[in-house]
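Going down the list, the protein sequences come from chains A and B. With positions in the first sequence counted from 1, the corresponding number in the numbering used here is that position plus 902. With positions in the second sequence counted from 1, the corresponding number in the numbering used here is that position plus 154. Quick reminder that beta carbons are idealized off the backbone N, C-alpha and C, glycines included. As the structure is a computational prediction, the values presented were derived from the model and not from experiment. Single-structure report; data block below.
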Amino acid sequence: MTELSVDHLLGIKDLQKEDIELIFKTADQFKEVINRPIKKVPSLRDITIANVFFENSTRTKLSFELAEKRLSADVVNFSASSSSVSKGETLVDTINNILAMKVDMVVMRHPHPGACHLLAQKVDAKIVNAGDGAHEHPTQALLDTYSIREKLGKIKGKKVAIVGDILHSRVALSNIYALQKLGAEVTLCGPKTLIPQHAESLGVKVDLDFDRVIQNNDVLNMLRVQNERMNLDYFPSNRDYVFQYGLTQDRLNKSQNKPLIMHPGPINRGVEISSDVADSSDAIILNQVENGVAVRMSVLYLLASKMNIV
Amino acid sequence: MNQQVLLDEKELQVVLHRLSCQLLENHLDFSNSVLIGLQPRGVFLADRLHQLLTSDYQVENLQYGTLDITFFRDDFRRNENPLKANSTQIDFLVEDRNVIFIDDVLYSGRSVQAALSAIQSFGRPKAVELMVLIDRRFSRHLPIQPSYTGRQVDAISEEHVRVAWKEKDGEDCVYLVKNKI
């Protein structure tokens, strides 16, 4: 396979296993590029990309922007707080106005699930989903699985646990799709209130005993407790959460297993993960960030390659 | 498939030795020179020359890398077939060094142009030379000429040159193929 089967990256659900493998293989080459003394290639020099963020983001926005610049694309940034959206403009109108300025691709984060799908139907540009509500965050799942593949050699047959606030997490859903397509066995772990009902219908295991999960899995992907999205009390207190689901060195030491530790960031140090674990050699949190740029370069490059000039 | 043999196994062997000797003549101990095989097909020739120079001609510490030009090509988004990236393996800087690009067939010269851009990511070379196994004369789109040539051929655009290597294709041979596959 040398071409993606999709025209937009809206979610991992739409991708085939071969698409993910193509993205990984291309990302391998971009990882080499971003470690060169001069980290730039001219591939997208005639492409303009708008980064449209209706929700706050630090690393995803920065990572996309770096990926775009290292591919030599022209980049415009747009954030909702400083825009006419606050004056009542609709999403499709906003984007069409941006596209009227001859923009070829749109990277969008939006608080509403499905916003990118709507856009892909309504506007004439390649759309990359940088997170839509609690639905999907496909590039995060791609960089997570890419990082597992890099560290463990392969994903097929590996046991991966996603731990913490699954309910509010778009990272979890995208990761579940990506890991399953690549042949991993996925377990969800966290307070029962933060695990979606009927999660098993996705073909994952649910295990609420964190110590058993540490013992049984090759990878622990620790999710952030998203306090800002919680309008209810899902667990009694942070102290209680740490006691049951916080990943600490003591807890790891009790297990004979040494799983790979991941976190999509930003970290709540001392809540879902303790500082000593986050900074330990088993944690690949900063590798994930580095791989994020290579994976996003790969996605943008492969989508752009479907926009033939002639 | 209508094809004609340009170089058989024995002739190819002789050409490889000649090319190695020409490189030795110009670069002696290769102390400031590096071989760069161009991906994908130039790497087989570069591997052979690297092997000959280090084993038969006892060149020591010969630095050798492979360069992929995919992201520097000028036909991105202009090609019916999507471009496929290969690996680049250059673990050294080429700043102020003599770089020898190695490719199997020189046709339009566009790959070499892309390679000249791509190599700049690894520094500013003192000089760049180009070695090709087959030089298709009269088909250049750009003012690019090889410094070392295995064999020159005159081929029309409906023909193409196929270089087969034992390690990839099961035999060592160079063909001029009449009908494009």
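- Message: Buried or exposed, going by whether 16 or more other CB atoms sit within 10 Å of the CB of Ser174(B)?
- Response: Sequence index remark: in the second sequence, residue 174(B) carries index 20 (1-based). With 16 or more other Cβ atoms within 10 Å, it is buried.
- Query: Can a CB atom of chain A be found closer than 9 Å to the CB of Asp222(B)?
  - Reply: The count along the second sequence starts at 1 and reaches residue 222(B) at position 68. Interface residue, yes.
- Indicate the three-state DSSP secondary structure (helix, strand or coil) for Asn1123(A) in the structure shown. By 1-based counting over the first sequence, the position of residue 1123(A) is 221. It is a strand residue.
- Can you grab the Cα-Cα spacing for the pair Ser1157(A) / Arg1114(A), in whole Å? Stepping through the first sequence from its first residue, residue 1157(A) is reached at position 255. Stepping through the first sequence from its first residue, residue 1114(A) is reached at position 212. Distance between the alpha carbons of Ser1157(A) and Arg1114(A) is about 9 Å.
- Query: Name the chain A residues that come within less than 9 Å of Ala318(B), Cβ to Cβ?
  - Reply: Locating residue 318(B) in the second sequence gives position 164, where the first residue counts as 1. Near Ala318(B) there are no residues of chain A at all, since even the closest Cβ is about 22 Å away, more than 9 Å.
- Kindly confirm or deny that the region 206-216 of chain B and the region 293-310 of chain B touch, where touching means at least three C-beta pairs closer than 8 Å. Counting Cβ pairs under 8 Å, fewer than three are found: no touch.
- Identified DSSP bridge partners for Val1009(A): As a first step, residue 1009(A) must be located in the first sequence, where it is residue number 107. In DSSP, Val1009(A) forms a bridge with Asn953(A), Val1030(A).
- Task: Output the boundary residues of the alpha helix (DSSP H) element that contains Phe217(B).
- Result: Position 63 of the second sequence, counting from 1, holds the residue named residue 217(B). Reading the sequence as shown, one finds Gln at residue 217(B) and not Phe. For Gln217(B), no alpha helix (DSSP H) encloses it; the enclosing beta strand (DSSP E) starts and ends at 217-221.
- Query: Which chain A residues are close to Ala239(B), counting only those with a beta carbon under 7 Å from its beta carbon?
  - Reply: Taking the first residue of the second sequence as 1, we reach residue 239(B) at position 85. Simply Thr928, Gln931.
- For a contact meaning CB atoms closer than 8 Å, what does Thr274(B) contact in chain A? Mapped onto the second sequence, residue 274(B) falls at position 120. Note that residue 274(B) is Gln in the sequence shown here, rather than Thr. The contacting residues are Ile940.
- So, is Thr960(A) buried or exposed, given that buried needs 16 or more other C-beta atoms within 10 angstroms? The residue labelled residue 960(A) in the question sits at position 58 within the first sequence. Exposed.
- Message: For the alpha helix (DSSP H) containing Thr996(A), name the first residue and the last one.
- Response: As a position in the first sequence, residue 996(A) is number 94, starting the count at 1. Unbroken alpha helix (DSSP H) run through Thr996(A): 993-1001.
- In this structure, what does DSSP give as the bridge partners for Gly191(B)? Counted from its first residue, the second sequence places residue 191(B) at position 37. The secondary-structure analysis by DSSP pairs Gly191(B) across a beta bridge with Thr220(B), Ile256(B).
- Message: Using a 10 Å radius around the Cβ and a threshold of 16 neighbouring Cβ atoms, would you call Val1008(A) buried or exposed?
- Response: Within the first sequence, numbered from 1, the residue matching residue 1008(A) stands at position 106. By the neighbour-count criterion, in which a residue is buried when 16 or more other Cβ atoms sit within 10 angstroms of its Cβ, Val1008(A) is buried.
- Taking Thr242(B) as the query, report the chain A residues whose CB atoms sit under 9 Å from its CB, ordered along the chain. Along the second sequence, read from residue 1 onward, the residue named residue 242(B) stands at position 88. Gln931, Glu934, Val935, Arg938, listed in chain order.
- Query: Based on Cα-Cα distance, which residue from Leu1162(A), Gly1167(A), Ala1206(A), Asn1170(A) lies nearest to Leu1054(A)?
  - Reply: Counting from one through the first sequence, the residue named residue 1054(A) turns up at place 152. It is Leu1162(A).
- Inter-stretch contact at 8 Å, needing at least 3 Cβ pairs: the region 913-933 of chain A / the region 1184-1197 of chain A: Touching, yes.
- Query: What are the complete alpha helix (DSSP H) segments, minimum 4 residues, inside the region 1123-1180 of chain A?
  - Reply: Those alpha helix (DSSP H) runs which fall completely within the region 1123-1180 of chain A and span 4+ residues are 1140-1147, 1151-1156, 1177-1180.
- Message: With three or more beta-carbon pairs closer than 8 Å as the criterion, would you say the region 934-952 of chain A touches the region 1008-1028 of chain A?
- Response: The region 934-952 of chain A vs the region 1008-1028 of chain A: in contact.
- Message: With distance defined between alpha-carbon atoms, name the residue in Arg202(B), Asn180(B), Gln193(B), Ser311(B) nearest to His171(B).
- Response: Taking the first residue of the second sequence as position 1, residue 171(B) is located at position 17. For the residues Arg202(B), Asn180(B), Gln193(B), Ser311(B), the minimum Cα distance to His171(B) belongs to Arg202(B).
- Item | Complete runs of the beta strand (DSSP E) confined to the region 916-984 of chain A [at least 3 residues] | Runs found: 950-955, 976-981.
- Backbone CA spacing between Ala969(A) and Tyr1203(A) [nearest angstrom]: Position 67 of the first sequence, counted from the first residue, corresponds to residue 969(A). Position 301 of the first sequence, counted from the first residue, corresponds to residue 1203(A). Distance between the alpha carbons of Ala969(A) and Tyr1203(A) is about 10 Å.
- Message: Tell me which residues share the same chain as Val1030(A) and place their Cβ nearer than 6 Å to its Cβ, disregarding the 5 neighbours each side in the sequence.
- Response: Position 128 of the first sequence, counted from the start, is the residue given in the question as residue 1030(A). These residues qualify, in order along the chain: Leu911, Val1009.
- Message: Can you tell me whether Asp289(B) sits near the ligand NAD, meaning its C-beta is under 8 Å from at least one heavy atom of the ligand?
- Response: In the structure on display, the ligand NAD does not appear, and there are no ligands present to speak of.
- Which residue comes first and which comes last in the beta strand (DSSP E) that contains Tyr302(B)? Counting from one through the second sequence, the residue named residue 302(B) turns up at place 148. Here the beta strand (DSSP E) through Tyr302(B) covers 302-308.
- Query: Got a sec: is the Cβ-Cβ distance from Val943(A) to anything in chain B below 9 Å?
  - Reply: The sequence position of residue 943(A) within the first sequence is 41, counting from 1. Cβ-Cβ to chain B under 9 Å: yes for Val943(A).
- Query: Helix, strand or coil: how does DSSP classify Met1199(A) here?
  - Reply: The count along the first sequence starts at 1 and reaches residue 1199(A) at position 297. Residue state, collapsed to three classes: helix.
- Query: So, do the region 1054-1064 of chain A and the region 1021-1038 of chain A have three or more beta carbon pairs nearer to each other than 8 Å?
  - Reply: Contact between the region 1054-1064 of chain A and the region 1021-1038 of chain A is absent, because fewer than three Cβ pairs lie under 8 Å.
- Message: Just to confirm the assignment, what range does the beta strand (DSSP E) spanning Ala1022(A) have?
- Response: The sequence position of residue 1022(A) within the first sequence is 120, counting from 1. It is not in any beta strand (DSSP E) - Ala1022(A) instead sits in the alpha helix (DSSP H) that spans 1017-1024.
- State the DSSP-derived secondary structure class of Gln299(B), mapped to helix, strand or coil. Taking the second sequence and counting its residues from 1, one reaches residue 299(B) at position 145. Assignment of Gln299(B) by DSSP, reduced to helix, strand and coil, places it in the coil class.
- Message: For a cutoff of 9 Å on Cβ pairs, would you count Tyr879(A) as touching chain B?
- Response: An answer regarding residue 879(A) cannot be provided, because it is not within the stretch 903 to 1212 covered by chain A.
- Message: Between Asn1077(A), Val1073(A), Ile1186(A), which has its C-alpha nearest Gln1128(A)'s C-alpha?
- Response: Sequence index remark: in the first sequence, residue 1128(A) carries index 226 (1-based). Shortest Cα-Cα distance from Gln1128(A) to any of Asn1077(A), Val1073(A), Ile1186(A) involves Val1073(A).
- Query: What residues of chain A sit near Gly139(B), judged by a beta carbon separation below 7 Å?
  - Reply: This structure gives no information on residue 139(B), because the portion of chain B shown stretches from 155 to 335.
- Message: Taking CB distances under 9 Å as the criterion, tell me whether Phe296(B) reaches chain A.
- Response: To locate residue 296(B), count along the second sequence from 1; it is residue 142. Reading off the sequence, residue 296(B) comes out as Leu, not Phe. Output row for Leu296(B): interface = no.
- Item | Rounded distance between the beta-carbons of Gly263(B) and Arg294(B), thought under 8 Å | As a first step, residue 294(B) must be located in the second sequence, where it is residue number 140. As a first step, residue 263(B) must be located in the second sequence, where it is residue number 109. Between Gly263(B) and Arg294(B) the Cβ distance is about 5 Å, and since that is below 8 Å, they are a contact.
- Query: Roughly how many angstroms separate the alpha carbons of Gln1099(A) and Thr224(B), rounded to a whole number?
  - Reply: Taking the first residue of the first sequence as position 1, residue 1099(A) is located at position 197. Taking the first residue of the second sequence as position 1, residue 224(B) is located at position 70. Straight-line Cα distance between these residues: approximately 47 Å.
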